[in-house]
Each structure stands twice: as structure tokens, then as C-alpha cells.
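Here the structure is laid out as C-alpha cells; the discussion comes afterwards.
Numbering (full-length UniProt numbering), first residue to last: 1 to 149.
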């Protein structure tokens, strides 16, 4: 078979994925039935006129909207800090790719509402690893939840 004919008959997987990606992202968002707010503390400033440090103001909101929380494993880590025992639990927070920043390392996540597990409502997570990849259907942020043991 001639090369050009064979090339015409072989499917173009890359083009097929690119064409399907918007629908795949919509499907991923449809599974995000929880709501969260992701914030970062605002920066304080040095006031030259008064010679004092002005403390940070209200946190800056990076994202507020639908999300999904998954626990990648059930193994917790324990830590001792300040004469207190702490438990660290990993989580993967999925948020939409479209319209969300990727610069979320160190940001705080507050779970505003969790339809699938009401026990998650009100919990706080810390983003420990950002996520970006080619053809992603969701932005999957690695997070940690710290709880007093």
C-alpha cells in the first residue's frame, strides 16, 4: 500500500483527542458536585511614612466553584509538633481546567459544601503540588489536610 494512502486510512489519534477534549472536560466538571474556595494570604507591606509593617489584609481568592475530593490512599502520616500529635492526610482536589490558574502551590482550600460526604464540609486543605498536563480533563491539585490527633 502506498504511504500516502496508508496515512489517509490511519486515524489521527491526536486530532481525535483534541476534538473530544471539550466534551471530556465537561464530563469531568459534571462529576464535581462539591464546592470549595481556594485562597492565598495577601502580602503585608512596609509603610515608609510611618515606619511600620502593615499586616496582610483579607486573603486573595484564586478560585471559588465546583470541585471534587478524592483520597489517593487511606494511609495517614503522623507528626509531633509543639507537644501535640497531628495527623496528615493526603487528598486530590479536582477543579475545572478552564478559567483556573495553575499557580496555587501553598494555597488554602476551604470545602464550602460536599454533597457526597457531608463530613468534608468545612474542612481545610493546603495545596502541596500544582497540576498541569497536556490534554488534562481536570486540574488535579495534590493537597494535605492537617488534623489534631
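Where is the CB? At the ideal position from N, CA and C, for every residue including glycine.
Presumed contact (8 Å Cβ cut-off) between residue i and residue j, rounded CB distance
i, j, result
"residue 59", "residue 41", "5 Å"
"residue 129", "residue 142", "3 Å"
"residue 35", "residue 113", "5 Å"
"residue 55", "residue 44", "5 Å"
"residue 111", "residue 120", "5 Å"
Selected residue, minimal CA-CA separation from residue i, among the options
i, options, result
"residue 136", "16, 13 and 25", "25"
"residue 103", "15, 39 and 32", "39"
"residue 85", "63, 20, 146 and 27", "146"
"residue 31", "62, 22 and 95", "95"
"residue 68", "27, 21, 50 and 101", "27"
"residue 107", "23, 62, 87 and 48", "62"
"residue 29", "119, 98 and 144", "98"
"residue 90", "125, 101 and 57", "125"
"residue 93", "127, 50 and 18", "127"
"residue 109", "12, 118, 37 and 57", "37"
Secondary structure of residue i, DSSP reduced to three states
i, result
"residue 129", "strand"
"residue 25", "helix"
"residue 147", "strand"
For residue i: DSSP bridge partner residues
i, result
"residue 40", "60"
"residue 152", "Absent from the structure is residue 152, since the part of the chain shown begins at 1 and ends at 149."
"residue 12", "DSSP lists no partner for residue 12."
"residue 139", "95"
"residue 45", "54"
* Considering only residues of the segment 63–120, which uninterrupted beta strand (DSSP E) runs meet the minimum length of 3 residues and lie entirely inside it, listed in chain order? -> 77–81, 84–95 and 108–113
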